[in-house]
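Written out below as structure tokens is the structure these notes cover.
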Amino acid sequence: MHTPDQEAGDRAQGYNPRELEPRWQDAWERDGLYRTDLENDDKPRYYFLTMFPYPSGNLHVGHWYAETPADAAARYLRMRGNNVFFPMGYDAFGLPAENAAIQAARNGDDVHPARLTRERIAFMTTQFKRMGAMFDWSRTLATCEPEYYRWNQWFFLKMWEKGLAYRKESYVNWDPVDQTVLANEQVIDGRGERSGALVERRLMPQWHFAITQYADELLDFSGLDWPERVKTMQTNWIGRSEGAEVRFQAESGDAIDVFTTRPDTLWGATFLVLAPEHRLVDAVTSAEQANAVRSYVEQAGRMSEIDRTSETREKTGVFTGGYATNPISGARIPIWIADYVLVTYGSGAIMAVPAHDERDFAFARAYGLEVLPVVQPEGEEPLEGATMTEAYSGNGVMVNSGAFDGTPTGKGEGAGDGISRVIDWLESEGIGTRKVTYRLRDWLISRQRYWGTPIPMLYCDTCGVVPEKEENLPVVLPEDVAFMPTGESPLKSHEAFLHATCPSCGGAARRETDTMDTFMDSSWYWFRYLDPHNDRAATTPELTARWTPVQTYTGGIEHAILHLMYARFFTKVMRDLGLIEHGEPFLRLRNQGMILGEDGEKMSKRRGNVVDPDDLVAKYGADAVRAYLMFIGPWDQGGPWNYQGIEGIVRFLGRLWTLFEGPAAPGEATDDAVSSVRRAAHTAVKEVTEDFEAFQFNTAVAELMTLQNALAKTKNAGVVEHAAWQEARSMMLRLLAPIAPHLAEELWHRAGGSGSVHLETWPSYDPAALVADEIELVVQINGKVRARITLPADADEATALAAAKADPNVEKYLASGTIRREIVVPGKLVNLVVN
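Note that the numbering used here has the sequence shown beginning at 271, numbered continuously upward.
Below is the structure:
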């Protein structure tokens, strides 16, 4: 490879990251050191990917915490002999850039999202390169460019052809300030997360993807090395439930279908609850209750589904004045509405069994409704509805249930077959049917915003809803738009975009003005990295077959549900389209924790605890920031920033420089010194290798500190000239390379290394070198350290005890007491209990 001007390095008498880091970054870029040859089959292929960022305009320390340890892991895998592909790009569509344009319009200024986004991408790319990461920038992409989002549109059309894309009216969270639909997660306490405006529940025509068709397959995580927490979160989000659908007849003449997972408790259903948006609310509501019901429906419409179903929130509701008949018991039961029932889950109606459901119990007690026990715990006093203090949801025998009295029932381990027997009976009587439901809803992808992928559909008075022709893609997002202070999408008033020709009949048509949810952009981007400028297809079959699925994917746990779920769905759709053969996007997933401010709180400008990585690089160098972020604590847990902590890392890197560049003390290469050097180096190789395999970066850095200390203790003129020292230095610098790549490269070349240290092979260790000839044991008296003794490594227990008792300092404590107990922990300590 190209070697930078070594004279400049030689003039630097000490460790000077501000000089050497830019020099090596320039050299790596000139030599194309991190450009991956995707056609190379000489080495095993390894696709390592970290989640790409939104171009907010400035990399914060959270980006560094996500990216630099991932970069270290990718570097490690490369040195282990893999041909590693490690790309980076930008998830570039989204609300912030558009909101900046809207705010500028309100101020009389002109800021365009496209221009702003491209400027931010250019600046953030410069920041990324200062990290020293091994990203392959030759294959970068930005999802806001037509050469990318053209294929979003192509996928949409393919999904339309397969019946996976469809349009229907749906209840949505409408932000009247941002003028768009919000996901449930974006509504906090009834207000838009970004705007703070009270959110409205609106029924609007929206485009959806039928992710529910893949619900059962998404519950299968076979072959995936993913954190259990993520798998559990996705499983709960999908929410597969088995049970029965039962029909209740309302006195209004309407049938109300109810899904229940506990049909064995039907005899205890003492009231029905409808979602406020249920289509039958008006029909079952009496004239006396109409005003109260209307007011409650309006109130519920200002809340998100997450807020409405919160376990900590007090349950509220209103009686409709209507009644229905329990089809099992024949009892006349009241119909209520309550916001904790969702129209998007099941049928939007529930049968309430307060004796055996905690939520229903709280509701019944709050409104004075009947509690009727129908499952009795065995061996306990009979439950009485009037005196129960909480619902009983465990296993037991059926009571107050007619012919089923005495039947063992329940769910989980030890439960009887009551549920199954009741469902069989319901079906035989024509009262109900066995059914499986899911909490998962189809993916609503419509957004009433400008800065996103245009949905390639048109509306023709003659032909109806018509897809654009593939040869007409991309439907380009016009950039000559005027942003309204109201926040309304400028596409709705852009005549050239709005008015088009029908692809079917050639007549006049109107384009869809909704754009796609930006999660669309991140649901397949790793395929596009392989050939980002392909203008003939979304993917290149030869490359996708060779390089996907991604072997390791890293990113934040906050993406466990939406992004990762959509990515899995999209991969399965691509498989079914015949584009790939596999059905999972990422074989191994690792999540990082959150880096907090020095006060232990989440970083924010308001709190004044934001840490700027650019300032840190200017002061300490990129390697120090990288190493400290890896040392701060377990990567999957995160932790608070500490300026004293990074100072310690700076001192460690300085000591490393001095260790290999500073003078050696006079001395000889004794056998003990040589053995110590080899043992320390080979032990470090073993430990650091295990740490990288386990993504335990903090202990990897700690092991390098231990090795540095061990080498510093043995360093003298004789040792430095010995082959063991040369081996240890080579090992240390290769172990250091993924963590502090600039310093490792500089010291490698100063030691006479040829080529880049990053092209070297990861060191291996000799198990024989790990065995110590001698060991040090701690000697304790009543648990307190009183001496340290050195013994042969193979010394037995008797020898260790004798040596401990013979130590002069220990003898002093034994002289005035009697030994009551002797404890020897082989290889570690001797503890003498004395009184």
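Where is the CB? At the ideal position from N, CA and C, for every residue including glycine.
All of these numbers come straight from a predicted model, not from anything done at the bench.
Outcome for residue i when other beta-carbon atoms lying within 10 angstroms are tallied against a minimum of 16
| i | result |
| --- | --- |
| residue 423 | buried |
| residue 588 | buried |
| residue 772 | buried |
| residue 860 | buried |
| residue 1085 | exposed |
| residue 284 | exposed |
Best match in the options for proximity to residue i [C-alpha to C-alpha]
| i | options | result |
| --- | --- | --- |
| residue 402 | 1028, 469 and 760 | 1028 |
| residue 650 | 666, 803, 501 and 571 | 666 |
| residue 302 | 331, 346 and 407 | 407 |
| residue 611 | 639, 600 and 578 | 578 |
| residue 1060 | 598, 1099 and 978 | 1099 |
| residue 462 | 572, 478 and 509 | 572 |
| residue 769 | 383, 640, 782 and 396 | 782 |
| residue 581 | 600, 378 and 609 | 609 |
| residue 763 | 774, 931, 719 and 548 | 719 |
| residue 393 | 827, 1024 and 359 | 359 |
| residue 683 | 468, 701, 664 and 852 | 664 |
| residue 959 | 534, 982, 670 and 347 | 347 |
| residue 645 | 1036, 757, 676 and 629 | 676 |
Which of helix, strand or coil DSSP assigns to residue i
| i | result |
| --- | --- |
| residue 715 | coil |
| residue 1094 | strand |
| residue 253 | Summary: the structure shown does not reach residue 253, with the chain confined to residues 271 through 1105, and so no result is reported for it. |
| residue 698 | helix |
| residue 526 | strand |
| residue 678 | strand |
| residue 732 | coil |
| residue 1083 | helix |
| residue 764 | coil |
| residue 1105 | coil |
| residue 913 | helix |
| residue 395 | helix |
| residue 583 | coil |
| residue 540 | coil |
| residue 902 | coil |
| residue 769 | strand |
| residue 958 | helix |
| residue 965 | coil |
| residue 621 | strand |
| residue 953 | helix |
| residue 642 | coil |
Own chain, CB closer than 8 Å to residue i, minus 5 neighbours either side, in chain order
| i | result |
| --- | --- |
| residue 735 | 437, 727, 728 and 729 |
| residue 961 | 967, 969, 970 and 973 |
| residue 872 | 864 and 866 |
| residue 522 | 550, 553, 554 and 592 |
| residue 310 | 353 |
| residue 978 | 922, 925, 926, 929 and 1002 |
Sequence-distant residues of its chain with Cβ nearer than 6 Å to residue i (five each side left out)
| i | result |
| --- | --- |
| residue 976 | none |
| residue 896 | 338 |
| residue 1014 | 1003, 1006, 1007 and 1027 |
| residue 491 | 501 |
| residue 471 | 441 and 571 |
| residue 796 | 319 and 820 |
Residue i CB to nearest heavy atom of the ligand SAH below 8 Å
| i | result |
| --- | --- |
| residue 624 | With respect to small molecules bound, the structure shown includes none, and the ligand SAH cannot be examined in it. |
7 Å Cβ shell around residue i - same chain, five flanking residues per side excluded
| i | result |
| --- | --- |
| residue 744 | 416, 419, 420 and 423 |
| residue 603 | 539, 540, 541, 542, 593, 594 and 596 |
| residue 529 | 513, 515, 616, 617, 705 and 707 |
| residue 833 | 789 and 792 |
| residue 934 | 985, 986, 987 and 990 |
| residue 740 | 424 and 427 |
| residue 831 | 503, 504 and 507 |
| residue 733 | 772, 774 and 775 |
In chain order, each beta strand (DSSP E) run of at least 3 residues that lies wholly inside the segment 452-522: 470-479 and 510-520
Whole runs of the beta strand (DSSP E) within the segment 783-866, excluding any shorter than 3 residues: 820-826, 856-862 and 864-866
Residue ranges of each beta strand (DSSP E) within the segment 283-363, 3 or longer: 315-320 and 353-355
Start-end ranges of the alpha helix (DSSP H) lying completely within the segment 412-443, minimum 4 residues: If you keep only unbroken alpha helix (DSSP H) runs of at least 4 residues inside the segment 412-443, you get 416-431.
Every unbroken beta strand (DSSP E) inside the segment 1028-1062 [3 residues or more]: 1044-1051 and 1054-1062
Completely contained alpha helix (DSSP H) runs for the segment 549-581, where each covers 4 or more residues: 551-554, 560-570 and 575-578
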